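J.: The structure follows.
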Amino acid sequence: ELTEADSQVELDRRRPGQSAITTPRQEEDRAQILSGVFEGKTLGSPICVLVWNKDARPDDYLLFLGRFTEAKGVIQAVIGVTLVWFFAWWLGGKMRLDDKLRAVMATSVSICGVSAAIAATGSVLAKKEQLSYTVALVLLFALPLMVLMPWMVGVLGLNQVVGGAWIGGNIDTTAAVVGAGALAGKEALQVATVVKLSQNAIIGFAAFFLALYWVLAVERKPDERPSPMVIWHRFPKFVLGFIVASILGTAGVFGKTQLGAISNFSKWCLLLAFVSIGLEFAFREFGKVGWKPFTVYLSATVFNLVVVLGLALLIFGGYLGI
Numbered sequence: 187e188l189t190e191a192d193s194q195v196e197l198d199r200r201r202p203g204q205s206a207i208t209t210p211r212q213e214e215d216r217a218q219i220l221s222g223v224f225e226g227k228t229l230g231s232p233i234c235v236l237v238w239n240k241d242a243r244p245d246d247y248l249l250f251l252g253r254f255t256e257a258k259g260v261i262q263a264v265i266g267v268t269l270v271w272f273f274a275w276w277l278g279g280k281m282r283l284d285d286k287l288r289a290v291m292a293t294s295v296s297i298c299g300v301s302a303a304i305a306a307t308g309s310v311l312a313k314k315e316q317l318s319y320t321v322a323l324v325l326l327f328a329l330p331l332m333v334l335m336p337w338m339v340g341v342l343g344l345n346q347v348v349g350g351a352w353i354g355g356n357i358d359t360t361a362a363v364v365g366a367g368a369l370a371g372k373e374a375l376q377v378a379t380v381v382k383l384s385q386n387a388i389i390g391f392a393a394f395f396l397a398l399y400w401v402l403a404v405e406r407k408p409d410e411r412p413s414p415m416v417i418w419h420r421f422p423k424f425v426l427g428f429i430v431a432s433i434l435g436t437a438g439v440f441g442k443t444q445l446g447a448i449s450n451f452s453k454w455c456l457l458l459a460f461v462s463i464g465l466e467f468a469f470r471e472f473g474k475v476g477w478k479p480f481t482v483y484l485s486a487t488v489f490n491l492v493v494v495l496g497l498a499l500l501i502f503g504g505y506l507g508i
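Structure, rendered in structure tokens:
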């Protein structure tokens, strides 16, 4: 006669952490007899015993994961943003796009979508229509990718860490990254968030250097010496607010209640910003601009997918030994 309790004794005895030289670990392995038993007694027929296994990790596993992920996230963000930005800028030039439009699009697709587009618009003094068009493209691509990328992670057989790094380095809006990361898994969500926030932190540098390049190279007249105030006026001031808020949040100045209130307020501000941009954009603008900007953005997105997948495998997959 064989019962589930008999099997369970052996499972508990073999569970990790039962000796003095191993670390105790709770893995709830449970035996369940599916066939060959009637009223608790074996019938002599073939027996199927199913062992339900639940892998348990320490509570602070994700905390340590995050500490190692931050540096890798910065490395991937810097390399990925640089490669994608210059590719989009180069392709936009090949397709003879307006310099301001391709600057806004390159910054948007390489860094973080809408926020980056707004920052670039201020740096190069792009038209509102160019900003609205870019924002429309961001949303047009971000929503499908939010659903497709978690599925693609599974199809490609990526683990959650690599998959999260891939998601965080591709989807342009932070909210969509969080949504896609949550669909892919808990670890994927954390890694995707870290990578995306690392890219968001590049906005300030990108806006500054873009304004500097535009003033000193693109729009500079012969024998002209631009004043530093020109760059200051072009520099998007909301980036300074982003930096200050990040410093205060990292320093623990705000409590959970305050952070919740600030988060809700920021969502309303973002909503109003989207509404304001939408009021100044009409879909007929797509027809006026033509198919070239769409092609550039699509090509840059595909390039981003391929490049960041390679970076995620190299950096987060352990191939570089970091």
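Just so you know, we're using our numbering here: the sequence shown kicks off at 187 and counts up by one.
Here a beta-carbon is modelled for each residue, glycine too, at the ideal position from N, C-alpha and C.
Bear in mind the structure is a predicted one, so any value in this text is a computation, not a measurement.
#1: Pop quiz: Ala393 and Ala303 are said to be a contact at Cβ under 8 Å. What is the actual Cβ separation, rounded to whole angstroms?
#2: Put Ser301 into one of helix, strand or coil per three-state DSSP.
#3: Do Val260 and Ala274 have their C-beta atoms within less than 7 Å of each other?
#4: Measure the Cβ-Cβ separation of Met332 and Gly365 and say whether it is below 7 Å.
#5: With DSSP as the reference, label Asp246 as helix, strand or coil.
#6: Just checking my contact of Ala397 with Arg420 at CB under 8 Å: how many whole Å lie between their CB atoms?
#7: Just tell me which of Cys298, Arg406, Leu342 and Lys407 has its CA closest to the CA of Asn356.
#8: Does any CB atom of chain B fall closer than 7 Å to the CB of Trp352?
#9: With DSSP as the reference, label Leu251 as helix, strand or coil.
#10: So what's Asp285 in DSSP terms, helix, strand or just coil?
#11: Given Leu491, which residues of its chain have a CB within under 7 Å of its CB, disregarding the five upstream and five downstream residues?
#12: Measuring only the C-alpha atoms, how far is Gly278 from Thr443?
#13: Three or more beta-carbon pairs under 8 Å between the region 324-331 and the region 434-451, yes or no?
T.: Straight from the coordinates:
#1: Along the sequence shown, one-based indexing puts residue 393 at 207. Along the sequence shown, one-based indexing puts residue 303 at 117. Ala393 to Ala303, Cβ: 11 Å. No contact.
#2: Reading the sequence shown from its first residue, position 115 is the one you call residue 301. Helix.
#3: For this step, residue 260 is matched to residue 74 along the sequence shown. For this step, residue 274 is matched to residue 88 along the sequence shown. Not a contact, by the Cβ cut-off of 7 Å.
#4: The sequence position of residue 332 within the sequence shown is 146, counting from 1. The sequence position of residue 365 within the sequence shown is 179, counting from 1. Yes, they are a contact pair.
#5: Numbered from 1 along the sequence shown, position 60 holds the residue referred to as residue 246. Confidence in Asp246 is poor, its pLDDT being 47 and thus under 50, which makes the residue's placement too unreliable to answer from.
#6: Looking up residue 397 in the sequence shown gives position 211. Looking up residue 420 in the sequence shown gives position 234. With 8 Å as the limit, Ala397 and Arg420 qualify as a contact, their Cβ atoms being about 4 Å apart.
#7: On the sequence shown, position 170 is the one that residue 356 refers to. When only C-alpha atoms are compared, the closest one is Cys298.
#8: Judged by its chain identifiers, the structure shown contains no chain B, having just a single protein chain.
#9: Here residue 251 refers to the residue found at position 65 of the sequence shown. For Leu251, the predicted model reports a pLDDT of 48, less than 50, meaning its position is unreliable; a value from the coordinates is still stated below. Reduced to three states, the DSSP call for Leu251 is helix.
#10: Residue mapping note: residue 285 aligns to position 99 of the sequence shown, counting from 1. Helix, per DSSP.
#11: By one-based count along the sequence shown, residue 491 stands at place 305. Answer for Leu491: Asn356, listed in chain order.
#12: For this step, residue 278 is matched to residue 92 along the sequence shown. For this step, residue 443 is matched to residue 257 along the sequence shown. Rounded to whole angstroms, Gly278 to Thr443 spans 45 Å at the Cα level.
#13: Using a Cβ-Cβ distance cut-off of 8 Å, the region 324-331 and the region 434-451 are not in contact, since fewer than three pairs of beta carbons, one from each stretch, lie closer than that value.
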